[in-house]
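Data first, discussion second: the structure below is written as structure tokens.
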Amino acid sequence: MDPEGFSGPKEEKTVKPLTPEALAVFNTAQERTCVIYISRIPPGMRPTKVRRHMSQYGEIGRVHLQQEDAKRAYLRRKYTATKKAHFTEGWVEFKDKKVARRVAEMLNANTIGGKKGTRWRDDIWTMKYLPKFKWNMLTEQVAHEAELHMAKLRVELAQSKMEQRDYLKNVELARVLDKRAQKKREQGKEFELKPREKKRRQQDHEGDGGERRPSKKAKREPPKVHAEANGDVQFNKVLSSVF
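Residue numbering for the sequence shown follows our numbering, beginning at 1 and increasing consecutively.
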């Protein structure tokens, strides 16, 4: 998960091994939590600002905002004056699912509000309550999307290497052919490209209407003599020797 788009609780706690009673309390607290999905983050709003807005209505757990696409961010930094990261969507974890449902129903399609002249006063919240959605589901989804992205990059890299290898092979072939053509011109001869043996055989095969020509190297088999004819010849030889 991107640390720049993540905002957790401010207090730092030391990690200790959980007893069975503490584990039961933790599981009960996790069952009461719920997540709100924000489909649009106002430009320039960061996770700490979202936490500050949402904490007015109830106890907040974790906040995660998704950064915009890398290509879109590059174009925005190139052609605009804003250099900071922008976020497109976000998730907010509430400790109490009842509070989360009430906040989503109250703030959805309403203005953010605030003091007059503030940056996001007239922006509109677009959020949805996600029942039975837990924070670990979000982390699994983010990890799965990252894995798919890496797999896509590996496929693109392999395809790029293959194209580069074919290009270098064609360049080397063109260099060899140019060298041969130059030698032929120096000798006063005309250089002609000869088709490869496989292509020539394929063309001969197509020219005969699909019938294969017998190979020149194929040895001719001697004519086979029928067994009965051989027997008659031997019998005649025996009779001539007797009489």
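By construction, the Cβ of each residue, glycine as well, lies at the ideal position given by its N, Cα and C atoms.
- Message: Taking 8 angstroms as the threshold (beta carbon to beta carbon), is F94 in contact with chain C?
- Response: The structure shown contains no chain C; it is built from a single protein chain.
- Item | Inter-residue Cα distance where the pair is E68 and Q56 | Here residue 68 refers to the residue found at position 68 when the sequence shown is read from its first residue. Here residue 56 refers to the residue found at position 56 when the sequence shown is read from its first residue. If you take the alpha carbons of E68 and Q56, they lie about 27 angstroms apart.
- Task: Whole angstroms is fine: what's the gap from T88's alpha carbon to K161's?
- Result: The residue labelled residue 88 in the question sits at position 88 within the sequence shown. The residue labelled residue 161 in the question sits at position 161 within the sequence shown. The alpha-carbon atoms of T88 and K161 are separated by roughly 34 angstroms.
- Item | Pairwise C-alpha distance: D166 and T33 | Within the sequence shown, residue 33 is the residue found at index 33, counting from 1. Within the sequence shown, residue 166 is the residue found at index 166, counting from 1. Distance between the alpha carbons of T33 and D166: 56 angstroms.
- Item | CB contact flag (M127, I36, <8 angstroms) | Taking the first residue of the sequence shown as 1, we reach residue 127 at position 127. Taking the first residue of the sequence shown as 1, we reach residue 36 at position 36. Taking 8 angstroms as the Cβ cut-off, M127 and I36 qualify as a contacting pair.
- Task: Please name the residue in Q66, A158 and L177 whose C-alpha comes closest to that of E145.
- Result: Within the sequence shown, numbered from 1, the residue matching residue 145 stands at position 145. Taking only the C-alpha atoms, the option nearest E145 is Q66.
- Task: Identify every residue that forms a DSSP beta bridge with W91.
- Result: Translated into the one-based positions of the sequence shown, residue 91 becomes position 91. The partner list for W91 (beta bridge, DSSP) reads Y37 and H64.
- Query: Given a threshold of 16 other Cβ atoms within 10 Å of its Cβ, counted over all protein chains shown, does A104 qualify as buried or as exposed?
  - Reply: In the sequence shown, residue 104 corresponds to position 104, counting from 1. Buried: at least 16 other Cβ atoms inside 10 Å.
- Report the rounded CA-to-CA distance for A171 versus L177, giving the unit in angstroms. Here residue 171 corresponds to residue number 171 of the sequence shown, with the count starting at 1. Here residue 177 corresponds to residue number 177 of the sequence shown, with the count starting at 1. Sequence check: residue 171 is Val here, not Ala. One C-alpha to the other measures close to 10 angstroms.
- Query: Out of curiosity, what's the CA-to-CA distance linking A109 and S39?
  - Reply: Position 109 of the sequence shown, counted from the start, is the residue given in the question as residue 109. Position 39 of the sequence shown, counted from the start, is the residue given in the question as residue 39. Straight through space, the alpha carbons of S39 and A109 are spaced by roughly 11 angstroms.
- Using a threshold of 7 angstroms, is the CB atom of L75 nearer than that to any non-hydrogen atom of the ligand MG? Ligands displayed in this structure: none; no statement on the ligand MG is therefore possible.
- Message: Suppose contacts are defined by Cβ-Cβ distances below 8 angstroms. Is W135 in contact with P42 by that definition?
- Response: Walking along the sequence shown from the start, residue 135 turns up at place 135. Walking along the sequence shown from the start, residue 42 turns up at place 42. Contact annotation: W135 and P42 have beta-carbon atoms that are not nearer than 8 angstroms.
- Span of the alpha helix (DSSP H), counted from its first residue to its last, around Y57: For the purposes of this step, residue 57 is taken as residue 57 along the sequence shown, with counting starting at 1. Premise fails: Y57 is in no alpha helix (DSSP H) and is neither H nor E.
- Can you tell me which of K98, K179 and K49 puts its alpha carbon nearest to the alpha carbon of L130? The sequence position of residue 130 within the sequence shown is 130, counting from 1. When only C-alpha atoms are compared, the closest one is K98.
- Same chain only: Cβ atoms within 7 angstroms of L18, ignoring 5 sequence neighbours per side: In the sequence shown, residue 18 corresponds to position 18, counting from 1. If we look at L18 and ignore the five residues flanking it on each side, its Cβ neighbours are F26.
- Query: Quick one: Cα of K132 to Cα of V92, how far?
  - Reply: Working through the sequence shown from its first residue, we reach residue 132 at position 132. Working through the sequence shown from its first residue, we reach residue 92 at position 92. Straight-line measurement puts the Cα of V92 at about 14 angstroms from the Cα of K132.
- Please state whether DSSP places L23 in a helix, a strand or coil. Stepping through the sequence shown from its first residue, residue 23 is reached at position 23. Three-state result, L23: helix.
- Query: How would you call P20, buried or exposed, if buried means at least 16 neighbouring beta carbons within 10 angstroms?
  - Reply: Residue 20 sits at position 20 when you count from the first residue of the sequence shown. Result: exposed.
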